Every structure is written in structure tokens, then in C-alpha cells.
Amino acid sequence: MAKSKGPKKHQTRPRKRTWARKEKKDRRNLKLWAEGARESILSPHLPGYLDALERGWRAERDYVRDVCNEFHAQISWRLADDEEPDEPLPEYDPMVTPAVEELDDEETAAKRSRVETLNARINRWLKYRAKKVRRPTTRDRTQDPWGLLLAKLSGIKSPPKARQGFQQYMHEAYDTEIRPVVEARWKAELVEADGVTLKTGKGPNAPFRAQVARELYQELSDEEREGLMKRAKDEAAAQREEYLQKMKGPPSKTPKDRQICIDNLGTFMTEVLKGVYEYTGLSSFVVFGGPIPVYDGDLRTFPVAYGRNLEPMPSHFPQWAKPRFGRDVLDFMRDWLKTAYTPQQCAEAALPKDNADDDDDPLSRAKYRIDAVDDWSGDSGDSGDDSESSSGSTSGSGTDSESGSSSSDSDSETEPEEEIRSTKQRARDAERRKERRKASDKAKTAK
Numbered sequence: 001m002a003k004s005k006g007p008k009k010h011q012t013r014p015r016k017r018t019w020a021r022k023e024k025k026d027r028r029n030l031k032l033w034a035e036g037a038r039e040s041i042l043s044p045h046l047p048g049y050l051d052a053l054e055r056g057w058r059a060e061r062d063y064v065r066d067v068c069n070e071f072h073a074q075i076s077w078r079l080a081d082d083e084e085p086d087e088p089l090p091e092y093d094p095m096v097t098p099a100v101e102e103l104d105d106e107e108t109a110a111k112r113s114r115v116e117t118l119n120a121r122i123n124r125w126l127k128y129r130a131k132k133v134r135r136p137t138t139r140d141r142t143q144d145p146w147g148l149l150l151a152k153l154s155g156i157k158s159p160p161k162a163r164q165g166f167q168q169y170m171h172e173a174y175d176t177e178i179r180p181v182v183e184a185r186w187k188a189e190l191v192e193a194d195g196v197t198l199k200t201g202k203g204p205n206a207p208f209r210a211q212v213a214r215e216l217y218q219e220l221s222d223e224e225r226e227g228l229m230k231r232a233k234d235e236a237a238a239q240r241e242e243y244l245q246k247m248k249g250p251p252s253k254t255p256k257d258r259q260i261c262i263d264n265l266g267t268f269m270t271e272v273l274k275g276v277y278e279y280t281g282l283s284s285f286v287v288f289g290g291p292i293p294v295y296d297g298d299l300r301t302f303p304v305a306y307g308r309n310l311e312p313m314p315s316h317f318p319q320w321a322k323p324r325f326g327r328d329v330l331d332f333m334r335d336w337l338k339t340a341y342t343p344q345q346c347a348e349a350a351l352p353k354d355n356a357d358d359d360d361d362p363l364s365r366a367k368y369r370i371d372a373v374d375d376w377s378g379d380s381g382d383s384g385d386d387s388e389s390s391s392g393s394t395s396g397s398g399t400d401s402e403s404g405s406s407s408s409d410s411d412s413e414t415e416p417e418e419e420i421r422s423t424k425q426r427a428r429d430a431e432r433r434k435e436r437r438k439a440s441d442k443a444k445t446a447k
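Residue 398 in the UniProt record's numbering is what sits at position 398 of the sequence shown, and the numbering runs on without skipping anything.
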């Protein structure tokens with residue numbers, strides 16, 4: 001008995017063209033207008049155009065202009081779209097100025113119109129093919145790893161999940177309806193009938209507050225509970241929509257939002273440089289500089305480094321020879337920054353006056369200043385876990401972190417007296433807390 005072979009598996013075969021491509025003169029649109037000699041001129045420029053895109057719009061503009069000049073030097077503007085130039089094409093030398101044609105007014109206007117049309121086509125041709133080459137792995141930026149990494153820099157956080165009903169109730173009416181009940185029950189449970197304290201602490205803990213809120217929530221009517229659930233879902237949907245708009249929209253250029261990015265820059269770059277180090281074994285550093293919004297747009301610099309040397313006291317590159325680094329790197333970059341930004345750009349980068357509160361200034365202890373490099377004392381950014389990264393972030397909060405954000409430590413050449421007093425005060429406070437805990441433990445044991 002013959003065995004059934006079953007259905008044949010689908011096999012993908014190269015698609016064969018079953019019709020002849022129309023001649024250019026018979027086409028009704030400009031699709032594939034560059035096919036032929038024109039494409040042989042444009043195609044070699046695609047890698048260069050991609051590189052220009054990475055360097056900014058000015059580099060893109062200049063590169064497209066050079067491509068257009070080469071195109072017009074080899075293809076006459078008089079040639080119709082469906083006509084091919086004579087082969088071989090003339091040699092092109094960008095250093096040679098083309099001869100000027102003697103044209104009357106009508107021909108001059110026709111040439112200008114034709115050249116502008118071809119320039120626009122060339123620009124679109126390059127852009128279209130560059131997009132196909134540079135197409136991201138996913139169109140959804142909320143799922144794109146690179147988009148999520150940039151979101152950390154801009155301070156965009158994923159929206160929280162929708163609250164549960166009792167959580168929304170706590171959110172809306174904790175002070176007015178829940179807190180009084182929580183405090184009354186907490187006080188009632190603190191002391192037994194014989195006066196022995198059962199619980200210690202400053203106040204009701206989170207699980208206790210949540211338990212009371214659940215009980216009060218269940219006592220609400222069905223209509224009230226449905227309303228709370230609906231508002232919780234609506235708020236979550238609004239937060240989700242705001243998050244998607246920020247992720248899909250272009251980067252904000254307001255001074256306030258840029259200052260947020262600058263504050264996050266140390267942590268952001270540490271992750272990047274750490275990945276480079278782990279995959280390549282190469283130490284690295286990068287120096288940032290420009291107008292800082294919180295400093296009224298003043299030009300300032302700060303480095304971020306990853307990797308230490310093998311000296312008895314390992315140090316990052318910015319720490320290794322601080323005066324030399326400040327002179328040869330930061331001072332040199334300061335001179336360059338003065339040529340990169342105009343006074344108007346610096347003024348526009350400043351935060352509005354109502355936001356410039358010196359008391360809440362996150363950059364008040366910046367060490368890497370472009371206007372006072374002589375004061376720069378360097379910063380190791382070492383944390384208690386021996387982090388490899390070092391960042392001289394202008395956000396200098398004075399606290400250690402794994403990201404190597406700016407902090408004052410023993411590697412600094414000078415340590416302000418205020419910080420010494422602050423350190424001693426923290427030590428005294430810690431000692432007092434330890435003594436109070438011992439006294440409390442002795443009292444409990446005696447009871």
C-alpha cells in the first residue's frame with residue numbers, strides 16, 4: 001500500500017519577473033528616475049551620506065551639496081530624464097571650477113529651475129536609501145533598547161500600573177477619612193491592658209495603613225468602589241499616554257528638560273563606558289562641555305571615565321595627574337568651547353529666573369568649571385563598592401554612587417571645612433543613635 005506523502009511543504013523561490021520593464025519615456029511617474037548612469041554617480045555616496053547624518057545637519061547639508069555638484073558636472077541639466085548621457089562620463093575634480101555657460105535670461109531661469117528640481121530629487125534619493133539602511137530594529141521606541149536607554153538620560157520613567165481600588169482610595173482620601181482611623185487603631189494596639197508597649201516606631205507602618213484602608217474600602221458602597229476603580233484606570237491611561245508621547249516625540253530642547261538630562265549624564269555614560277570596558281577591555285574617558293542651564297548658560301566642563309590603573313592606589317585617568325589633566329584637557333577644551341557657542345546660545349540655554357533658586361541648586365558644588373579651571377581639584381567618584389567609574393559631573397551632589405557621580409573624597413586635593421564639619425557631625429549623630437539603641441535594648445531586657 002502506497003504511503004501518503006501528505007501536503008507539500010511551501011518552498012520560497014526567487015520571484016521571476018514576468019513582464020518587461022517599461023522604458024523611462026513610457027513611465028507615468030519618476031520611480032527609478034536615477035536608474036542607469038545617474039545611479040552609478042549617486043550610489044557610491046551613500047556610505048558618506050550616512051556618515052554625514054551622524055555628524056549633524058550641517059555635515060549632511062554640505063555633503064549633499066558636494067554630491068549635487070558632482071552630479072551636475074557629469075550630467076548636463078539639458079538632458080531629459082529618459083535620456084542617458086554618453087559613456088564614459090567625464091572625470092570629476094572637485095577642485096576645478098566648472099566653466100560658466102553663456103545663457104540668456106530665459107535659459108538662465110530654465111537652468112535654475114531644472115537644477116533645483118534635480119537637487120531636491122538627489123536629496124530625497126539619498127534620504128530614502130539612508131532610512132532603509134538605518135532602520136531601527138523596532139518601530140516601537142518603547143520596546144527599542146536604544147530608545148529605552150535614551151529615556152534614562154532624559155528622565156522619562158515608565159508609567160506605574162493602575163492602582164487597586166483601596167490604593168486609589170488612599171490616594172484621594174487618606175488625610176480626611178483614613179488617617180484618623182489608622183492613628184486611632186495604632187494607638188489602641190500600642191499598649192495592652194497592663195500597660196506593656198507592644199510596638200515601637202515613629203508611627204503606623206505601611207502594611208498596617210494598607211490593612212486599615214482595605215477594610216474601610218470594603219465598607220464603601222458599590223457605586224463608590226466602582227468610581228474609585230474607574231478613576232484609577234483613567235489616571236493610569238493618561239499617564240501611559242503622556243509616556244508614549246514623550247517617547248515618540250523629539251527630544252525637548254527647553255533648558256529645564258536639558259538640565260534633567262545633564263543631571264542624569266554621569267549615570268547614563270557610566271553604563272555605556274562600563275559595557276565598552278566589559279566587551280573590549282579598553283579604559284576610556286569622555287569630556288562634556290557647554291552651557292549649563294542652572295548656571296545661567298555659563299560654559300562648563302566635566303569628565304566621565306571608566307577603568308583604573310595598576311598603581312598601589314588605583315586611579316582613573318582624570319585623577320592620575322589632576323593639575324595636568326585640568327591644564328591639558330579641560331583648559332584646552334575651554335578654549336574650544338568658546339568657539340562652539342555664541343553668547344546668544346548661552347543666554348538661551350539658561351533656566352528661567354523663577355527656577356534659578358540657589359538654595360536648591362543641584363550644581364552648587366561643581367568642581368569642573370570652564371571659568372575657573374585653576375580651582376579644579378579632580379574627583380575620583382569612588383563608592384563604597386569600589387566602582388570602576390569616575391565622573392566629574394557638574395551635578396556634584398556630594399554623595400557616593402555606583403555611577404561615579406561627583407563627590408568629595410579623600411582623593412581631592414582640597415577638602416572644604418564645611419564638608420569636614422559635616423562628616424564629623426554625621427559621625428557624632430551615628431554614635432548618638434547607637435547609644436540610644438543600646439539604652440532601649442537594656443530597658444526592654446529589664447522589663
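Don't be surprised by glycine CBs; every beta carbon is placed ideally from N, CA and C. Because the structure is a prediction, the values reported are computed rather than measured.
For residue i, does the count of other Cβ atoms within 10 angstroms reach 16, so buried, or fall short, so exposed?
| i | result |
| --- | --- |
| THR399 | Any answer about THR399 is weak, because its pLDDT of 32 lies below 50 and its placement is not dependable; what the coordinates show is given next. By the 10 Å Cβ count, THR399 comes out exposed. |
| PRO251 | exposed |
| ALA188 | exposed |
| TRP125 | buried |
| PRO343 | exposed |
| ASP105 | exposed |
| VAL96 | exposed |
| ALA206 | exposed |
| TYR217 | buried |
| LEU273 | buried |
| PHE325 | buried |
| ASP375 | Because the pLDDT of ASP375 is 37, which lies under 50, any placement of that residue in the model is unreliable, and the question is left without a value. |
| GLY266 | buried |
| ALA109 | exposed |
| ARG209 | buried |
Can you give the beta carbon distance from residue i to residue j, rounded, assuming they're within the 8 Å contact cut?
| i | j | result |
| --- | --- | --- |
| ARG334 | THR301 | 7 Å |
| LEU299 | PRO291 | 6 Å |
| GLY165 | MET229 | 5 Å |
| GLU39 | ASP82 | Actually they are not in contact, since the Cβ atoms of GLU39 and ASP82 sit about 14 Å apart, beyond 8 Å. |
| ARG163 | HIS171 | 6 Å |
| TRP33 | ARG121 | 7 Å |
| VAL133 | LEU50 | 6 Å |
Among the options, which one has its Cα closest to the Cα of residue i?
| i | options | result |
| --- | --- | --- |
| residue 453 | TYR169, ARG185, SER221 | Lying before the first or after the last residue shown, residue 453 is absent from the chain, which here runs from 1 to 447. |
| GLY289 | LEU282, PRO303, TYR277 | PRO303 |
| PRO160 | ALA210, VAL133, ALA237 | ALA237 |
| TRP146 | GLY307, PHE268, LYS22 | PHE268 |
| SER158 | MET247, THR117, GLU54, PHE332 | MET247 |
| GLU101 | ASP86, ARG240, TYR92, ARG78 | ARG78 |
| PRO88 | ARG114, ILE41, ALA99 | ILE41 |
| TYR277 | GLY249, VAL287, HIS171, GLY307 | GLY307 |
| VAL64 | TRP320, ASN309, LEU118, LYS24 | LEU118 |
| VAL287 | LEU330, LYS127, LEU310 | LEU330 |
| LEU150 | GLU311, ALA173, GLY249 | GLY249 |
| GLN211 | GLN245, GLN167, GLU241 | GLN167 |
| LEU148 | LEU103, MET313, GLU271 | GLU271 |
| ASP175 | ALA213, GLU107, PHE332, ALA109 | ALA213 |
| SER76 | ARG112, GLU235, GLY48, SER43 | ARG112 |
| ALA80 | GLU107, ARG114, ALA99, ARG55 | ARG114 |
| PRO47 | LYS127, ASP86, GLU116 | LYS127 |
| GLU348 | LEU337, LYS253, SER221 | LYS253 |
Go through its chain and collect everything with a Cβ distance to residue i's Cβ below 8 Å, but skip five positions before and after it.
| i | result |
| --- | --- |
| PRO94 | ASP66, ASN69, GLU70 |
| PRO90 | ALA73, GLN74 |
| ALA340 | GLY290 |
| ARG225 | GLY165, TYR217 |
| ARG231 | GLN168, GLU172 |
Grab me the residues of residue i's own chain with a C-beta within less than 6 Å of its C-beta, minus the 5 sequence neighbours each way, in chain order.
| i | result |
| --- | --- |
| ARG317 | A quick correction: the sequence has Phe, not Arg, at residue 317. If we look at PHE317 and ignore the five residues flanking it on each side, its Cβ neighbours are PHE285, ALA305. |
| GLU84 | GLY36, ALA37 |
| ASP62 | none |
| HIS45 | VAL67 |
| TRP186 | PRO204 |
| SER283 | GLY307 |
| VAL182 | PRO204, ARG209, VAL212 |
For residue i, which residues of its own chain have a beta-carbon under 7 Å away from its beta-carbon, when the five flanking residues on both sides are left out?
| i | result |
| --- | --- |
| ASN264 | LYS152, LEU153, GLY155 |
| LEU351 | PRO255, LYS256, GLN259, PRO293, VAL294 |
| LEU53 | GLU60, ALA130 |
| ASN309 | SER315, TRP320 |
| GLU223 | none |
| ARG240 | PRO159 |
At 4 residues or longer, what runs of the alpha helix (DSSP H) sit wholly inside the stretch 15 to 88? 37 to 42, 46 to 54, 57 to 74
Counting only runs of 4+ residues fully inside the stretch 212 to 253, write out the alpha helix (DSSP H) ranges in chain order. 222 to 248
Please go through the stretch 245 to 303 and give each complete beta strand (DSSP E) segment of 3 or more residues, from N-terminal end onward. Segments of the beta strand (DSSP E) lying fully in the stretch 245 to 303: 284 to 292.
Fully enclosed by the stretch 93 to 169, which alpha helix (DSSP H) runs are 4 residues long or longer? 105 to 133, 145 to 154
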